[in-house]
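Participant:
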Amino acid sequence: MVRKGKSYDTKKIITQVKNTDLVEQKHHQIVQAACKLFSEKGYHKTSLRDISRESGINLSYIYKYISKKDDILYLFYQYISKKLTSFSDKSDDPEFENPVEELKSFIRGVFEGIRSIKGEALTMYTECRHLEKDSLRIVLAEESKTVQLIEVLIRRGIDQGYFHVQDSFMAANIISYMIPFYPLRGWNFRDQYSFEQIVELTTDFILNSLNVKEEHK
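29 is the number of the first residue of the sequence shown in the numbering used here; add one for each residue after it.
#1: Can you tell me where the alpha helix (DSSP H) holding Ser83 begins and where it ends?
#2: The alpha helix (DSSP H) with Pro13 in it runs from where to where?
#3: Quick one: give me the first and last residue of the alpha helix (DSSP H) that Gly147 is part of.
#4: For Leu235 and Phe134, what's the separation of their Cα atoms in angstroms?
#5: Would DSSP call Asn86 helix, strand or coil?
#6: Which parts of the segment 45–79 are runs of the beta strand (DSSP E), unbroken and 3 residues or longer, counting only runs that do not cross its ends?
#7: Select from Ser222, Tyr105, Asn216 and Arg184 the residue whose C-alpha is nearest the C-alpha of Val128.
#8: Closest by CA to Ala62, which one among Leu50, Thr43 and Ser83?
#9: Closer than 8 Å is the cut-off here; do at least three beta carbon pairs connect the segment 133–151 with the segment 207–226?
#10: Please state if the CB of His72 and the CB of His158 are separated by a distance shorter than 8 Å.
#11: For a quick check, are the C-beta atoms of Val167 and Tyr105 less than 8 Å apart?
#12: Roughly how many angstroms lie between the CA atoms of Ile178 and Ile207, to the nearest whole one?
#13: At what residues does the alpha helix (DSSP H) containing Thr174 begin and finish?
#14: Helix, strand or coil, according to DSSP, for Asn126 in the structure here?
#15: Residue range of the alpha helix (DSSP H) that Gln225 falls in?
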């Protein structure tokens with residue numbers, strides 16, 4: 029049976045503005061500025077004054093759309109998480125021939141997504157320690173959704189005889205944990221492997237760990 033992760037409500041950002049469209053627009057401006065600055069300076073060294081200057085929103089007005097700096101980091105995480113999900117979401121594609129092909133497509137989609145926003149992705153995986161408890165809980169719940177998606181795929185592969193592992197939940201967690209290694213460890217092998225080689229080697233490693241037969245790879 030596939031385990032269900034805990035679900036948490038989306039965090040409500042306290043604002044002084046009632047116009048939801050305007051709030052969404054300003055949040056987008058703030059997040060775009062944060063993406064650039066967090067990638068360059070890190071969260072801790074980026075001040076609200078920096079974000080004000082980069083976003084073009086007066087510092088005194090920023091507090092009309094957020095109540096604290098943690099709100100910006102939370103919005104940043106939500107924004108990057110949605111982008112990565114869009115890269116790996118193949119719901120509009122034709123049905124895959126088998127779960128192996130679907131998993132390979134998922135892995136490539138995530139890697140290509142991370143490559144396109146490498147700086148932001150690195151920030152996402154390294155700055156979560158600065159999130160306040162409630163924000164972190166929601167972000168981790170989003171991560172659990174990814175694990176659950178992978179587990180569903182693995183279970184389908186097991187049922188159809190493509191994957192051979194005893195614990196689909198543990199396998200899904202390990203695969204999910206391997207995804208961030210590209211932005212986190214890229215400095216160590218970027219001169220040795222091309223992007224295509226990284227994707228292929230990682231995919232092959234994962235398929236081997238799932239005991240996929242050669243004829244199905």
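We put the beta carbon where it would ideally sit given N, CA and C, even for glycine.
Facilitator: Per the coordinate set shown:
#1: Leu76 to Ser83
#2: Coverage of the chain is limited to positions 29 through 245, which leaves residue 13 absent and any answer about it impossible.
#3: Lys146 to Thr154
#4: 13 Å
#5: If DSSP states are grouped into helix, strand and coil, Asn86 belongs with coil.
#6: If we require 3 residues or more, the segment 45–79 turns out to have no beta strand (DSSP E) run fully inside it.
#7: Arg184
#8: Ser83
#9: With a cut-off of 8 Å, the segment 207–226 and the segment 133–151 count as touching, because enough Cβ pairs lie within range.
#10: yes
#11: yes
#12: 12 Å
#13: Lys161 to Asp187
#14: coil
#15: Phe223 to Ser237
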